[in-house]
């Protein structure tokens, strides 16, 4: 399983990466938002963790790239102000698995990651069967 963590703030990115490592079995690409856009073009990801903040051009461009290159990518989105961020992603809500506020709540982060990873583990056998069956 491969994950993109594209967050500029190391005070958020580092605990997120540590939490992901605690689950094991995840290849983590951890980078800034700008570098995350480049990585999104080069690799396929199972899920991503990205900021939502409006007003930052680099974040807006990242969301445009996600919509264009990986529209079905499940995302955990981070915001400074959850109410504003919810309005920001209203049209993009299909890809947002969960939204977390900054500063991080470690318990909420672990619960959210566990829910997402459990969903992948449940769906994984179905994906294998779909690939194996002839069309």
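In the numbering used here, the protein residues as written are 15 to 149.
Here a beta-carbon is modelled for each residue, glycine too, at the ideal position from N, C-alpha and C.
Ranking 71, 93, 58 and 124 by CA distance to the CA of residue 30 puts 124 first. By the C-beta criterion, the stretch 47-65 is judged to be in contact with the stretch 17-24, since at least 3 inter-stretch pairs fall below 8 Å. Approximately 11 Å separates the beta-carbon atoms of residue 127 and residue 32; this is outside 8 Å, ruling out the contact.
Between residue 116 and residue 91, the C-beta gap is not smaller than 8 Å, which leaves the two residues out of contact. If you draw a straight line from the Cα of residue 118 to the Cα of residue 131, it is about 19 Å long. In terms of Cβ geometry, residue 66 and residue 93 form a close pair [threshold 8 Å]. Apart from the 5 residues on each side of it in sequence, residue 56 has no Cβ closer than 8 Å to any other Cβ in its chain.
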